[in-house]
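So that you can map any letter, position 118 of the sequence shown is 99 in this note's numbering, and since no number is skipped, the others follow by simple counting. Glycine included, every Cβ here is placed at the ideal spot set by N, Cα and C.
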Amino acid sequence: MVIFMKEKAAVAIFICILVGSVLGAGLVEATYGTVATRSATNEALAIIDSGFKDYLVGATFNGVDEQILVATKPILGFPINGDSYLVLSSGDARYVVTGDTSYDFEEVGGVAISDGQPATGQDVYDVATLRITLKVPDGATTLMFRWRMVSDDYSPYNDFFYSYVEFPDGKKVTAATLPNGTIPYISVMEPVFVEVNGQDGVPLEEMGPIYTAKVDVSAYQGKTITLVLQVGDADDDEVDTAVLVDNLRFIVTSSATPRGQEYLQLLTLARLWTLRFFTFHDSFDELYANATALGVANETLSRAMELHQNATSTMQAAWGNYDLDTVRRLMWSTRFIPKIGLVIKAYRDEMKAIRLLEDAIAEIQQ
Ligand SMILES: [Ca+2]
Ligand SMILES: [Ca+2]
Ligand SMILES: [Ca+2]
-18 MVIFMKEKAA
-8 VAIFICILVG
2 SVLGAGLVEA
12 TYGTVATRSA
22 TNEALAIIDS
32 GFKDYLVGAT
42 FNGVDEQILV
52 ATKPILGFPI
62 NGDSYLVLSS
72 GDARYVVTGD
82 TSYDFEEVGG
92 VAISDGQPAT
102 GQDVYDVATL
112 RITLKVPDGA
122 TTLMFRWRMV
132 SDDYSPYNDF
142 FYSYVEFPDG
152 KKVTAATLPN
162 GTIPYISVME
172 PVFVEVNGQD
182 GVPLEEMGPI
192 YTAKVDVSAY
202 QGKTITLVLQ
212 VGDADDDEVD
222 TAVLVDNLRF
232 IVTSSATPRG
242 QEYLQLLTLA
252 RLWTLRFFTF
262 HDSFDELYAN
272 ATALGVANET
282 LSRAMELHQN
292 ATSTMQAAWG
302 NYDLDTVRRL
312 MWSTRFIPKI
322 GLVIKAYRDE
332 MKAIRLLEDA
342 IAEIQQ
């Protein structure tokens, strides 16, 4: 029966090419059945981890409406995250979940691209493409999602799942691959396909393992990237392949966040401010004695002393109320963490005390 369908498909290809050449590339109107009001945004949100929904910038779908479905019925290990996931199909996505043969799940009259198979260069048909634009969070190192190919097709009809990330500098990186780095399509999936055997009511014959796709995004924190998920038929449009997708998220390493790095830099600065505080602090007594001897006004002297004493107690508080000799000894130990705000305040007050005395002395000596 499948052989017959493939022969019939050869005729369909000709018609498709003729129609395609008239319509040109681009969005194809839905012509078969209906899908409850769909939106690419909701389709993207079905697979995005709840912690990253705010990072969705936008989403668009190119294909026939029936080829994309937000599904909630648990099948073949999905959903993985939350209560829904995505089915992208080179036929009618609803058929994958329901097995309902009243859907027109074979040739759905979708997007055809000459030489469009990304690995083999075969002509492709019923191509469904979801584009998800995301802002990369601060501290994100990796974009990941999980996917599983489910298919009725066989080689050399190399239906494919092509997913990649487009970066703002024009770089394009493949996301979903087999462990050897190959883009998944029928011929390379066949060695890892197992029979579905009607599991969870799924009518398609074979499925691959659930794989994790990962793309390094660490150089694009705060920037906007686009994840493209594309499924299609190759060589004919009759026998379909679907991909289940879920758990799209970023991996964020807190120690690598700019905020984390900024904190480490601030700690280093706090130690340097403490060092400069000591430079001022150590010169205070002598400067104060000189100022007193030179007849600097009592008001100025007491203001300087007040700042100096405040600075001293503030710096001790900044370093856990140790005496200043202990602070001097331990301040470079990484286990000894100061309160940065207090270090800055102590440094400023000590500097003010010194400047006050220096300015008063300079005025007298003029
Ligand atoms: Ca989900
Ligand atoms: Ca196919
Ligand atoms: Ca198809």
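key: Limits of the alpha helix (DSSP H) - the one that residue 332 falls within   = Counted from its first residue, the sequence shown places residue 332 at position 351. Segment 321 to 346, the alpha helix (DSSP H) holding residue 332.
message = Checking the sheet assignment: what are the DSSP bridge partners for residue 310?
response = Numbered from its first residue, the sequence shown carries residue 310 at position 329. Per DSSP, none; premise fails for residue 310.
ask   = Smallest Cα separation from residue 246: which of 164, 319 and 157?
value = In the sequence shown, the residue the question calls residue 246 occupies position 265. When each option's Cα is compared against that of residue 246, the closest is 319.
task = State buried or exposed for residue 43, treating a residue as buried only when at least 16 other CB atoms are found within 10 Å of its CB.
result = Here residue 43 corresponds to residue number 62 of the sequence shown, with the count starting at 1. By the 10 Å Cβ count, residue 43 comes out buried.
query = Do the segment 89 to 107 and the segment 18 to 34 meet, that is, are 3 or more Cβ pairs less than 8 angstroms apart?
reply = no
message = For a minimum of 3 consecutive residues, which ranges assigned as the beta strand (DSSP E) are wholly contained in the segment 209 to 248?
response = 222 to 233
inquiry  = Output needed for residue 337: all residues of its chain with C-beta closer than 8 angstroms, excluding positions within five of it in sequence on either side, in chain order.
reply    = Reading the sequence shown from its first residue, position 356 is the one you call residue 337. So the qualifying residues of the chain are 281, 284, 285 and 288.
task = Run the proximity test for residue 132: is its beta-carbon closer than 8 angstroms to any non-hydrogen atom belonging to ligand 3?
result = What you label residue 132 is simply residue 151 of the sequence shown in a count that begins at 1. No, Cβ of residue 132 sits at least 8 angstroms from all heavy atoms of ligand 3.
ask   = Whole alpha helix (DSSP H) runs in the segment 16 to 41 with 4 or more residues, listed along the chain?
value = 21 to 28
message = I'd like to know whether the C-beta atoms of residue 232 and residue 124 end up nearer to each other than 9 angstroms.
response = As a first step, residue 232 is located in the sequence shown; it is residue number 251 there, counting from the start. As a first step, residue 124 is located in the sequence shown; it is residue number 143 there, counting from the start. Yes. Within cutoff.
task = Would you list, in sequence order, the uninterrupted alpha helix (DSSP H) runs of no fewer than 4 residues that lie entirely inside the segment 130 to 189?
result = 167 to 170
task = Within its chain, find whatever has a CB closer than 6 angstroms to the CB of residue 330; leave out the 5 residues flanking it on each side and keep chain order.
result = On the sequence shown, position 349 is the one that residue 330 refers to. Here the set comprises 288, 291 and 292.
query = Any heavy atom of ligand 3 closer than 8 angstroms to the CB of residue 220?
reply = In the sequence shown, the residue the question calls residue 220 occupies position 239. It does: the Cβ of residue 220 is within 8 angstroms (strictly closer) of some heavy atom of ligand 3.
ask   = DSSP state of residue 115, grouped into three classes?
value = Position 134 of the sequence shown, counted from the start, is the residue given in the question as residue 115. Looking at residue 115 - three-state DSSP - the assignment turns out to be strand.
Residue(s) in a DSSP beta bridge with residue 127 = On the sequence shown, residue 127 is found 146 positions in, with the first residue counted as 1. According to DSSP, residue 127 bridges with 193 and 227.
message = I'd like to confirm something about residue 365: is its beta-carbon nearer than 8 angstroms to some heavy atom of ligand 2, or not?
response = Here the chain covers residues -18 to 347 and nothing more, so residue 365 does not appear.
key: Buried or exposed (CB count within 10 angstroms, at least 16 for buried), residue 343   = In the sequence shown, the residue the question calls residue 343 occupies position 362. Exposed: under 16 other Cβ atoms inside 10 Å.
ask   = So is residue 316 buried or exposed if we call it buried at 16+ other beta carbons inside 10 Å?
value = The residue given as residue 316 occupies position 335 in the sequence shown. Looking at its Cβ environment, which holds fewer than 16 other Cβ atoms inside 10 Å, residue 316 is exposed.
query = residue 65 by DSSP, collapsed to three states: which one?
reply = In the sequence shown, the residue the question calls residue 65 occupies position 84. Note: residue 65 maps to coil in three-state DSSP.
message = Can you look up residue 86 in the DSSP assignment and give me helix, strand or coil?
response = Indexing the sequence shown from 1 puts residue 86 at position 105. Residue 86: coil per DSSP, three-state reduction.
request  = Just confirm the distance between the C-beta atoms of residue 111 and residue 40, as a whole number of angstroms; I'd bet it's less than 8 angstroms.
outcome  = Taking the first residue of the sequence shown as 1, we reach residue 111 at position 130. Taking the first residue of the sequence shown as 1, we reach residue 40 at position 59. Yes, residue 111 and residue 40 are in contact; Cβ-Cβ is about 7 angstroms, under 8 angstroms.
query = Between residue 223 and residue 325, what straight-line distance do the alpha-carbon atoms span, to the nearest angstrom?
reply = On the sequence shown, position 242 is the one that residue 223 refers to. On the sequence shown, position 344 is the one that residue 325 refers to. Approximately 60 angstroms between the Cα atoms of the pair.
task = Tell me, to the nearest whole angstrom, how far the beta carbon of residue 129 is from that of residue 189; I am working on the premise that it is less than 8 angstroms.
result = Sequence index remark: in the sequence shown, residue 129 carries index 148 (1-based). Sequence index remark: in the sequence shown, residue 189 carries index 208 (1-based). So it is a contact: roughly 6 angstroms between Cβ atoms.
key: Extent of the continuous beta strand (DSSP E) to which residue 52 belongs   = Indexing the sequence shown from 1 puts residue 52 at position 71. Residues 49 to 52.
key: Run of the alpha helix (DSSP H) containing residue 92, from where it starts to where it stops   = To locate residue 92, count along the sequence shown from 1; it is residue 111. No alpha helix (DSSP H) contains residue 92, which is instead part of the beta strand (DSSP E) from 92 to 94.
key: DSSP state of residue 106 mapped onto helix, strand, coil   = Counting from one through the sequence shown, the residue named residue 106 turns up at place 125. It is a strand residue.
query = What three-state label does DSSP hand residue 317 in the structure shown?
reply = If you number the sequence shown from 1, residue 317 lands on position 336. Coil.
ask   = How would you label residue 83, buried or exposed, when you count the other beta carbons within 10 angstroms and need 16 or more for buried?
value = For the purposes of this step, residue 83 is taken as the residue at position 102 of the sequence shown. When all chains shown are included, residue 83 counts as exposed.
query = How big is the Cα-Cα spacing for residue 126 and residue 24?
reply = The residue you call residue 126 lines up with position 145 of the sequence shown. The residue you call residue 24 lines up with position 43 of the sequence shown. About 14 angstroms.
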